[in-house]
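Novice: At position 31 of the sequence shown the residue is numbered 473 (the numbering used here), and the sequence of numbers has no breaks. Below is one structure. I have some questions about it.
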Amino acid sequence: MDPAGTIVFTTVGRPQYGFDLFSLELCPSTTLNNPEHRLTDGISINFNAQFVDDDQTLVFISERTGSPRIYLSRPGLLIPKPLPSLPSSLFHDRSVLKNDRLYFISAHEQPERPFKSWSALYSTRVEELELTRLTPYGSVDYSPAISRSGNFIAVASYGSRPWNGEFHELHTEIVVFQLSDRSNRITVCERGGWPSWSGDSVIYFHRQADDGWWSIFRVDVLLEYSIQD
């Protein structure tokens, strides 16, 4: 059923400022005077960056073409390189580049009813746009993170639940699955978002604590399946 009615909106125009990504070296003698290094070029809005390796190669989201798309930047590259993405998707969450495969969230597949989120995790090779959907149909995933070995993925997931209108804190779960067995999804935390791996057995994530403050939490992941390769 197509939604009926009228949407009234206003706009103040496209932003004319740059929102950039920076890095700061950390060492035992770190002081407040350590220089910051700008990693993007000051064009448009750049966000949700992930380091690919140790030489400051970066994969990030930029709105320089008018809508969010995925780009790669490295030292010596004057213009960020666009990576495979879908212009029909107006939402790109945190993207990860691992073992020559790009993992990203896209909302290009339309839902079957209004107020049903359709954000899902996809992967593709860097040089071609041949998508593999990693999220089961009917489920909703955000914020992918890849373990150090590249064998495990953690996401913040709604599962198959509908959006209940929450805005300040999304009621997502931390779900883990193995790349070689995407159907076996394990919920390791019933409330949390923005997971990040340490090795293959520890996940850090955000959620609002009982005292009302946004905090960082840790969960030790004891996976029943083992790494075979």
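Idealized CB from N, CA, C, for every residue including glycine. Here the structure is a predicted model, which means the values were calculated and not measured.
(1) Run through DSSP, which three-state label would Arg575 get?
(2) Do the region 603-618 and the region 569-580 make contact, defined as three or more Cβ pairs closer than 8 Å?
(3) Using the beta-carbon count (16 or more within 10 Å), is Leu520 buried or exposed?
(4) Taking only three categories from DSSP, how would you classify Asn606?
(5) Would you say Phe544 and Ile503 are within 8 Å of each other, going by their C-beta atoms?
(6) Relative to the C-alpha of Ser561, which candidate in Ala598, Phe594, Ser591 and Leu481 has its C-alpha closest?
(7) Expressed to the nearest angstrom, what Euclidean distance is found between the alpha-carbon atoms of Leu468 and Gln498?
(8) With a cut-off of 8 Å, do at least 3 Cβ pairs link the region 639-653 to the region 590-608?
(9) Among residues of its own chain, excluding the 5 on either side of Ser548, which ones have a beta-carbon nearer than 6 Å to its beta-carbon?
Specialist: Reading it off the structure:
(1) Here Arg575 sits in strand by DSSP.
(2) These segments do not touch.
(3) Classification of Leu520: exposed, given that the 10 Å Cβ count is below 16.
(4) In the three-state scheme derived from DSSP, where H, G and I count as helix and E and B as strand, Asn606 is classed as coil.
(5) Just to set this straight, residue 544 is Leu in the shown sequence, not Phe. No; because the gap between Cβ atoms is not below 8 Å, this pair is not in contact.
(6) For the residues Ala598, Phe594, Ser591 and Leu481, the minimum Cα distance to Ser561 belongs to Ala598.
(7) About 14 Å.
(8) The region 639-653 is in contact with the region 590-608.
(9) Spatial neighbours of Ser548 in its own chain (CB-CB distance under 6 Å, excluding positions within 5 residues in sequence) are listed in chain order as Leu528, Ser531 and Tyr564.
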